[in-house]
Amino acid sequence: MIDLPTVLALAIPLAQGATEQRAMHRTGSASRPRHAEWTFFAVNIPYWLLIGLGTAEHLVRPTRPGWIMLAVGSVLATAGVAIRVTCHHQLAGAFSPYVELAPEHQLIDTGFYGIVRHPMYLGTLMMLVGLPLLLASPVAAGCAAAATAGLVFRIVKEEQLLRGELLGYDEYMQRTWRLVPGVW
8 MIDLPTVLAL
18 AIPLAQGATE
28 QRAMHRTGSA
38 SRPRHAEWTF
48 FAVNIPYWLL
58 IGLGTAEHLV
68 RPTRPGWIML
78 AVGSVLATAG
88 VAIRVTCHHQ
98 LAGAFSPYVE
108 LAPEHQLIDT
118 GFYGIVRHPM
128 YLGTLMMLVG
138 LPLLLASPVA
148 AGCAAAATAG
158 LVFRIVKEEQ
168 LLRGELLGYD
178 EYMQRTWRLV
188 PGVW
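Going by our numbering, the sequence shown opens with residue 8, and the numbers climb by one from there.
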């Protein structure tokens with residue numbers, strides 16, 4: 008019998024990776040040289056542990072998520088992927104998986120970027136909430152908490168760079184919420 012939470016917990020991140028790679032190739036951001044830095048790993052290692060360990064825990068635990076938890080988790084995670092992919096296109100070639108500026112980087116303050124400064128990270132946060140819910144996994148929730156902490160550090164580091172290097176970013180910060188409208 009097919010285990011729907013397991014299928015979703017694997018399919019949603021795979022769909023995210025595939026659609027983001029396609030968007031990066033389409034916008035040209037995939038061909039730029041990369042410069043790895045610690046916040047990339049602070050978010051991604053716990054994220055991949057969430058998927059692997061959360062799925063393993065789900066498979067060995069006798070309890071399963073209820074349909075409401077499964078539905079809410081699936082909708083949150085899928086909407087998070089959709090936001091991230093849309094934002095790739097809104098950023099065009101300026102996207103990077105690392106905290107760095109592209110040579111052609113300009114301030115984007117329309118679309119999702121007119122609502123919050125870091126909508127791709129909002130999409131990530133939605134996935135970090137949704138995947139543990141659909142798996143009903145405390146281990147996945149712990150990994151999500153670690154990835155969320157990494158995300159906060161990444162946002163702070165990225166904003167320091169953008170404030171110093173990107174024309175108009177200080178004014179943009181004054182009129183736009185950081186991650187969640189009305190909260191932060």
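Where is the CB? At the ideal position from N, CA and C, for every residue including glycine.
Whether or not the region 107-125 and the region 177-187 are in contact is what I'm after, with contact meaning three or more pairs of Cβ atoms, one per stretch, closer than 8 Å; do they touch?
Output reads yes: the region 107-125 touches the region 177-187.
Where does Phe119 land, buried or exposed, given buried means 16+ other C-beta within 10 angstroms?
In the sequence shown, residue 119 corresponds to position 112, counting from 1. Per the 10 Å Cβ criterion, buried.
Determine the direct distance from the alpha carbon of Met133 to that of Ala86, and round the result to whole angstroms.
Indexing the sequence shown from 1 puts residue 86 at position 79. Indexing the sequence shown from 1 puts residue 133 at position 126. When rounded, the distance between both Cα atoms is 7 Å.
Thinking C-beta only, is Pro72 closer than 8 Å to Ala153?
Taking the first residue of the sequence shown as 1, we reach residue 153 at position 146. Taking the first residue of the sequence shown as 1, we reach residue 72 at position 65. In this structure, Pro72 does not lie closer than 8 Å to Ala153 by Cβ.
Does the distance from the C-beta atom of Phe47 to that of Tyr105 stay below 8 Å?
Taking the sequence shown and counting its residues from 1, the one referred to as residue 47 is at position 40. Taking the sequence shown and counting its residues from 1, the one referred to as residue 105 is at position 98. Yes, these two residues count as a Cβ contact at 8 Å.
Could you tell me whether the Cβ atoms of Ala156 and Pro139 are closer together than 8 Å?
Locating residue 156 in the sequence shown gives position 149, where the first residue counts as 1. Locating residue 139 in the sequence shown gives position 132, where the first residue counts as 1. No, the pair does not count as a contact, with Cβ atoms beyond the cut-off.
Would you grab the beta carbon distance between Leu83 and Val136 for me? Rounded to a whole angstrom, and I think it's under 8 Å.
Within the sequence shown, the letter at position 76 stands for residue 83. Within the sequence shown, the letter at position 129 stands for residue 136. Contact flag correct, Cβ pair sits at about 5 Å.
Comparing C-alpha positions only, which one of Val88, Ala89 and Leu114 sits nearest to Ala99?
The residue labelled residue 99 in the question sits at position 92 within the sequence shown. Minimum Cα distance to Ala99 is reached at Leu114.
On the three-state DSSP scale, how would you describe Trp184?
Within the sequence shown, numbered from 1, the residue matching residue 184 stands at position 177. Correct three-state label for Trp184: strand.
Applying the 10 Å Cβ sphere with the 16-neighbour rule, what's the burial state of Arg231?
An answer regarding residue 231 cannot be provided, because it is not within the stretch 8 to 191 covered by the chain.
Considering only residues of the same chain and omitting the five flanking positions on each side of Gln23, which have a CB-CB separation below 6 Å?
Translated into positions along the sequence shown, residue 23 becomes position 16. Result list for Gln23: Val88, in chain order.
Count the other CB atoms, across all protein chains shown, that sit within 10 Å of the CB of Glu27; report buried if there are 16 or more and exposed otherwise.
Start at 1 with the first residue of the sequence shown, and residue 27 comes out as number 20. Its Cβ being crowded by 16 or more others within 10 Å, Glu27 is buried.
Can you check which of these residues, Arg161, Leu108 and Ala148, is closest to Leu174 by C-alpha distance?
Position 167 of the sequence shown, counted from the first residue, corresponds to residue 174. Leu174 has its Cα closest to that of Leu108, out of Arg161, Leu108 and Ala148.
Once DSSP output is grouped into helix, strand and coil, what is the label at Val106?
Your numbering for residue 106 matches position 99 in the sequence shown. Coil, per DSSP.
Cα separation between His65 and Ala148?
Indexing the sequence shown from 1 puts residue 65 at position 58. Indexing the sequence shown from 1 puts residue 148 at position 141. In a straight line, the C-alpha of His65 is about 12 Å away from that of Ala148.
Can you check DSSP and say which residues form a bridge with Val50?
What you label residue 50 is simply residue 43 of the sequence shown in a count that begins at 1. Beta-bridge pairing links Val50 to no other residue.
Cα separation between Phe9 and Trp55?
By 1-based counting over the sequence shown, the position of residue 9 is 2. By 1-based counting over the sequence shown, the position of residue 55 is 48. Residue identity differs from the one stated: residue 9 is Ile in this sequence, not Phe. Taking the straight line joining both Cα atoms gives about 22 Å.
Strictly by DSSP, which residues pair up with Val123?
The residue given as residue 123 occupies position 116 in the sequence shown. Val123 is bridged to Trp184.
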